[in-house]
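Engineer: Quick one: structure below, then a few questions.
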Amino acid sequence: MKMNTELPPGLALQKVDERIMTLNVGPQHPGSGHMRIIVQIDGDFIVACDPDPGYVHRGEEKMAEYRNYITNIPHLERPVIHDSCNILYPYVLGVEELLGIEVPERAKYIRVIAAELNRCVYTMYWLAIYGIFLGHSTMFMWPAGDRELLIDLLEKMTGARVTHAHFVPGGVRNDLPPNFEDVCLRQVNYFEKRIKEYAAVFYDNPILIARTANTGVLSREDAIRLGTTGSVLRASGVDYDIRKKEPYDVYEELDFQTNVLKEGDSYARSKIPWLDMMESCRIIRHALQKMPKSGSVRVKLKPNPKGGDASVYKRVESGRGSLGCYIVSDKKPEPYRVKLSVPSFRNLIALPYLLKGEKLGNMPSVYWSLNYWPVEADR
Amino acid sequence: MSSDSDEEPIETTTEENPKSTKVSTVEKELELPKFEKGIADKIVEKFGTRIKVAFVKPDRVRINVSRDDVKEVASFLRDVLNFDHAESVSGVDYPQDKEIEVVYHLGSYTDSSLSRQILVLATRAQREENPIPGNDATKLPSLREIFYSVEFHEREIFEMFGVYFQGHPDNRRLLLPEDWADLPPLRKDFAIKGR
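In order, the protein sequences belong to chains C and L. Note that the numbering used here gives residue 179 to position 179 of the first sequence, counting from 1, and the numbers run on in steps of one. Note that the numbering used here gives residue 1093 to position 93 of the second sequence, counting from 1, and the numbers run on in steps of one.
Next up, the structure:
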């Protein structure tokens, strides 16, 4: 089977005049992650940019069609292993709706706590890379170290440091270990104290502000038009957080607020995830307080459960934004089709707009401020 | 920690205890959710029998349209009903129907009454037994002029299913390698080795 050869294979570069140079940044460049960004520059300024993802495409969606609803869990979290609870969340919610499962109350709270811990772990990792992109090595060391606090908690909770595979249709895989609440509260309080200190060294740092403020500005209209999500959208002044707008599990009963900034520049985009982490700490504390102290955490399923002849679309707010999962079932133990609509993929479309007219030196900071995770975008 | 056999790895979760399986009342109450019904009614009022309302569930309305009407319906959804972006665009292959379905999940950031809603707009393209992506009958009108956010999603569907989007300014490969010469991989006839 031959593909059509008249269509340009791969990337078709635009016709350029002699002044303009084409640069391939990546896929093995430290400033691009696992993807290639093709930029055309005129002197020091970017005139056009073409993102080329796909270097870590693993066919998760195809694999999901060959495995049953339960065995899909460990591999579907692979695109973002450090945010694995959140990427499984919509899939698990969708399967629960397809199979008609009611989740026990305690499991819902455990899921929310795990999801918020995971959001912080993801954001700390992202922040560490953001620090190194900007040449700020303290901001690499601190988040990479402080993130261990929460990884320890997740390890106690799920048995694995990353790739937890903790959420299953019908609840969570296992109950909290004894005495977890106290340890969790203590660690989260300390964690919150630590991340507040980042303000002095990073977020209020005049050098950082000079480098990121007013670069890569995304207007409110463009953010909506391009369908961006998560921190990118909220940094451009649109208050849209799935946890508030379409609450799942017990988010409705928990006390937190969403962070919105108006500027839409790299600085605002990099600040939103940090502010979100403080809200996550609030959510975790409130959830620990409200959680039923005992009870079942998992409904047992029949072997090889089959969905009906239906389709379902569920979405959650992950560390990067709205993460949706579309599942089509055809009365078989395996799903007919699983589509992950991932925030990284949705936000990538904004990159050419943000980089146009920017200096080449600002490219890494603008690119990473999109809260982008290449492996997730490729799936 | 937890009791009995919960400690088994997930892959072998085959606890045979059907009595504790809770199956909630699958039967929907006859009363359809009011707000969602209102959205569906507005679309039916405008397009009549040209569209088919597949379901009306809480927060989700699904309509199926033919490929000739999809652009007109999408413009109506954007201009009159205020859906302003696509959350997700999925392809689903149906070899037995000789069709490939493309499903747009539309949402709204600007209209706060729609913030919970996802409107599912589905249309189907003809499926070819021996696809030549871009040069066969598997074509659909692109919604990129109407919803800018579908640009990369439609590029992905073109390479993964071979559905060519007419009017899309940039029908290039996105994720697959440049020298990929096999079937579009998410079609059902592209089999994984050993499965």
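Quick reminder that beta carbons are idealized off the backbone N, C-alpha and C, glycines included.
What do you reckon, is the C-beta of Glu279 of chain C under 7 Å from a heavy atom of the ligand PLP?
Structural biologist: In terms of ligand content, the structure shown is empty, and the ligand PLP therefore cannot be addressed.
Engineer: What does DSSP give as the partner residue(s) for Cys49 of chain C in the beta ladder?
Structural biologist: C:Val39
Engineer: To the nearest angstrom, how far is it from the Cα of Val152 of chain C to the Cα of Pro333 of chain C?
Structural biologist: According to the sequence shown, residue 152 of chain C is Asp rather than Val. Cα to Cα, the separation comes out at about 35 Å.
Engineer: Using the C-alpha atoms, what's the distance from Leu93 of chain C back to Thr1021 of chain L?
Structural biologist: Here the model assigns Thr1021 of chain L a pLDDT of 42, short of 50, so the residue's position is not dependable and the matter cannot be decided.
Engineer: Opposite Asn24 of chain C in the DSSP bridges: which residues?
Structural biologist: C:Ile38
Engineer: Residues in its own chain within less than 8 Å of Phe45 of chain C by CB, not counting five upstream and five downstream?
Structural biologist: Gly357, Glu358, Lys359, Leu360
Engineer: Could you round the C-beta distance between Ala1196 of chain L and Asn1171 of chain L to whole angstroms and report it? I think they count as a contact, below 8 Å.
Structural biologist: A question about residue 1196 of chain L goes unanswered here, because the residues of chain L that appear run from 1001 up to 1195.
Engineer: Using C-beta distances below 7 Å, list every residue in its chain close to Lys306 of chain C, excluding the 5 sequence neighbours before and after it, in chain order.
Structural biologist: Lys331, Lys332, Pro333
Engineer: Tell me where the alpha helix (DSSP H) around Ile113 of chain C begins and ends.
Structural biologist: 105–133
Engineer: Nearest to Ala210 of chain C by alpha carbon, out of C:Arg315, C:Ser266, C:Asn24, C:Gln40?
Structural biologist: C:Ser266
Engineer: Do you know offhand how far Gly319 of chain C's Cα is from Pro1184 of chain L's?
Structural biologist: 31 Å
Engineer: By alpha-carbon positions, which one of C:Ile327, C:Ile349, C:Glu253, C:Ile195 ends up nearest to Pro90 of chain C?
Structural biologist: C:Ile327
Engineer: List the endpoints of the continuous alpha helix (DSSP H) containing Ser1090 of chain L.
Structural biologist: Boundaries around Ser1090 of chain L are those of the beta strand (DSSP E), 1085–1094, since no alpha helix (DSSP H) includes it.
Engineer: Take the Cβ of Tyr190 of chain C as the centre, count every other Cβ of all protein chains shown within 10 Å, and call the residue buried at 16 or more, exposed below.
Structural biologist: exposed
Engineer: Chain L partners of Leu226 of chain C, CB-CB under 9 Å?
Structural biologist: His1085, Tyr1148, Ser1149, Glu1151
Engineer: Have a look at Ala1137 of chain L and Pro104 of chain C and give me their C-alpha separation to the nearest angstrom.
Structural biologist: 50 Å
Engineer: What are the residues in the stretch 1054–1081 of chain L lying within 7 Å of chain C by C-beta distance?
Structural biologist: Asp1059, Arg1060
Engineer: Counting only runs of 3+ residues fully inside the stretch 254–333 of chain C, write out the beta strand (DSSP E) ranges in chain order.
Structural biologist: 311–317, 322–328
Engineer: Is Trp368 of chain C buried or exposed, if buried means 16 or more other CB atoms sit within 10 Å of its CB?
Structural biologist: buried
Engineer: Which residue comes first and which comes last in the beta strand (DSSP E) that contains Glu181 of chain C?
Structural biologist: Premise fails: Glu181 of chain C lies in the alpha helix (DSSP H), 180–198, not in any beta strand (DSSP E).
Engineer: Go ahead and pull the three-state DSSP assignment for Asn1064 of chain L.
Structural biologist: In this structure, Asn1064 of chain L counts as strand in the three-state DSSP scheme.
Engineer: Beta strand (DSSP E) containing Leu1235 of chain L: first to last residue?
Structural biologist: Shown here, chain L extends from 1001 to 1195; a query on residue 1235 of chain L therefore has no answer.
Engineer: Run through chain C and tell me which residues come within less than 8 Å of Arg1116 of chain L, C-beta to C-beta.
Structural biologist: Lys245, Glu246
Engineer: Is the Cβ-Cβ distance between Ile349 of chain C and Ser1108 of chain L less than 8 Å?
Structural biologist: Not closer than 8 Å, so no.
Engineer: Suppose contacts are defined by Cβ-Cβ distances below 8 Å. Is Gly227 of chain C in contact with Ala1040 of chain L by that definition?
Structural biologist: The answer is no: Cβ separation not under 8 Å.
Engineer: Just to confirm my understanding: we take Tyr203 of chain C, look at its own chain, exclude 5 residues before and 5 after, and list those with CB closer than 7 Å. What are they?
Structural biologist: Lys271, Trp274
Engineer: Counting only the same chain and skipping the five closest in sequence on each side, list residues whose C-beta sits under 6 Å from that of Thr123 of chain C.
Structural biologist: Pro273, Met277, Gly319
Engineer: May I ask you to list the residues that DSSP assigns as paired with Ile207 of chain C?
Structural biologist: Its beta-bridge partners do not exist; DSSP assigns none.
Engineer: Helix or strand or just coil, what does DSSP make of Arg1155 of chain L?
Structural biologist: helix
Engineer: Is the beta carbon of Leu1140 of chain L closer than 8 Å to that of Phe1165 of chain L?
Structural biologist: yes
Engineer: Thinking Arg111 of chain C and Tyr125 of chain C are a contact (beta carbons under 8 Å), I'd like their distance in whole angstroms, please.
Structural biologist: Arg111 of chain C to Tyr125 of chain C, Cβ: 21 Å. No contact.
Engineer: Could you tell me whether the Cβ of Gly1168 of chain L comes closer than 8 Å to any Cβ of chain C?
Structural biologist: The sequence shown places His at residue 1168 of chain L, rather than the Gly named in the question. No - not a single Cβ of chain C is within 8 Å of the one on His1168 of chain L.
Engineer: Return the chain-ordered list of same chain residues with a C-beta closer than 8 Å to the C-beta of Val1070 of chain L, the five sequence neighbours on each side being excluded.
Structural biologist: For Val1070 of chain L, where only same-chain residues beyond five positions count, the Cβ hits under 8 Å are Leu1121, Thr1123, Leu1140, Pro1141, Leu1143.
Engineer: Taking Cβ to Cβ, would you say Phe1076 of chain L is nearer than 8 Å to Lys1046 of chain L?
Structural biologist: In this structure, the beta-carbon distance from Phe1076 of chain L to Lys1046 of chain L falls below 8 Å.
Engineer: May I ask you to verify whether the stretch 236–243 of chain C touches the stretch 206–222 of chain C, counting CB pairs closer than 8 Å and requiring at least 3?
Structural biologist: Enough Cβ pairs lie closer than 8 Å, so yes.
Engineer: Can you find at least 3 beta carbon pairs, one from the stretch 112–119 of chain C and one from the stretch 73–90 of chain C, that sit closer than 8 Å?
Structural biologist: yes
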